[in-house]
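Going down the list, the sequences are from chains U and Y.
If you use numbering that gives the first Met the number 0, the first sequence corresponds to residues 0 to 133, in order.
If you use numbering that gives the first Met the number 0, the second sequence corresponds to residues 0 to 135, in order.
First the structure, in the form of structure tokens, and then the observations on it.
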Amino acid sequence: MSTLRTNALEGVDAKNSITIVAGAGNITTTNVQEGLCKAWTVCDMGDNALDDSSNVSSLTDESTGRFYLTFTNSFSSVSHADVAMFGSNGAHIAYSGNTDKTSSITGSLICSNTSNSAVDGSPFINVTSHGDLA
Amino acid sequence: MATLKTNTLTGTSTAGSIAVTGEGNSTTTNLQQGLGKVWANVDSSTASRDSFNVSSLTDNSAGNTTVNINNDMGNANYTGSWYTTAYHTSTVGDFVNNLTGGFGGFATGSYTTISHNGSAQVDSDRNFSTIFGDLA
């Protein structure tokens, strides 16, 4: 068994692209950077706390049933793939197109409770974001 | 192109932390934080089609399944996404979204998924879940 010890990985030909053999047949490769989840959090609209997170710097309470997350390192475009689950309430997510709320729509994500906008989501709100970092 | 061959990756300063250059070449992301720690494609009747880091499934009741994690999470504050599709007995297709539900609860060694038809918990044909967070 060999163990590589390092603090950082970057591609040789392109710093932002590393392939790794991942197929069941030990032939197919996948891209490390593309496959990584770039931001995730479990948070609470009741106390507006980030209970745990990666690449999320803050949660801002916009109104009842609506908040936005600010990413530490922004995405390169708005076309990142996000999933938000609001406890027992149905929900969807929307990007902020209003620059007076956020400096960049690549750097934040608005989440709202569309099942009942008058209700803050129950404690367990789960958000994951995949896509390309800036 | 250079190929590095190794079986294991470990951080130098911190074993569980390796930075990876992001797609835009200007920021880094964390390898360990970004990896999906659990994923599962299961039937509510507790038949697993395929999974990663799942030791077993527990059928608690109709539409209520516990996914038992092989290598436990470090705490219960992890996150993820979950999706269910058709009724277990449905013939309308795998990806007809006629049920709702979500996670029923998180523990370090397991999480529970629930599928619901609006009035009661019901078994569904396909339950997809992915988990991100800190391993123990």
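Cβ coordinates follow ideal geometry from the N, Cα and C atoms, glycine included.
- Contact between the region 48-55 of chain U and the region 2-18 of chain Y is not established, with fewer than three Cβ pairs separated by less than 8 Å.
- When Cβ-Cβ separations below 8 Å define contact, residue 118(U) makes no contact with chain Y.
- The region 108-124 of chain Y makes no contact with the region 15-30 of chain Y: fewer than 3 CB pairs, one atom from each, lie closer than 8 Å.
- Interface criterion met: the Cβ of residue 23(Y) is under 8 Å from a Cβ in chain U.
- Between residue 40(U) and residue 20(Y), the beta carbon gap of about 23 Å keeps them out of contact (Cβ cut-off 8 Å).
- Beta-bridge partners assigned by DSSP to residue 10(U): none are found.
- With three or more CB-CB distances shorter than 8 Å, the region 124-131 of chain Y counts as touching the region 34-45 of chain Y.
- Contact annotation for residue 53(U) against chain Y: 29, 32, 33, 131 [CB-CB distance below 8 Å, chain order].
- Just measuring C-alpha positions, the residue of 49(Y), 135(Y), 67(Y), 60(Y) sitting nearest residue 23(U) is 49(Y).
- Per DSSP, the unbroken beta strand (DSSP E) holding residue 100(Y) starts and ends at 99-106.
- About 7 Å separates the beta carbons of residue 110(U) and residue 68(U), which is inside the 8 Å limit, making them a contact pair.
- The alpha-carbon of residue 118(Y) is positioned some 45 Å away from that of residue 22(Y).
- Nearest CB-CB separation between residue 50(Y) and chain U: not below the 8 Å threshold.
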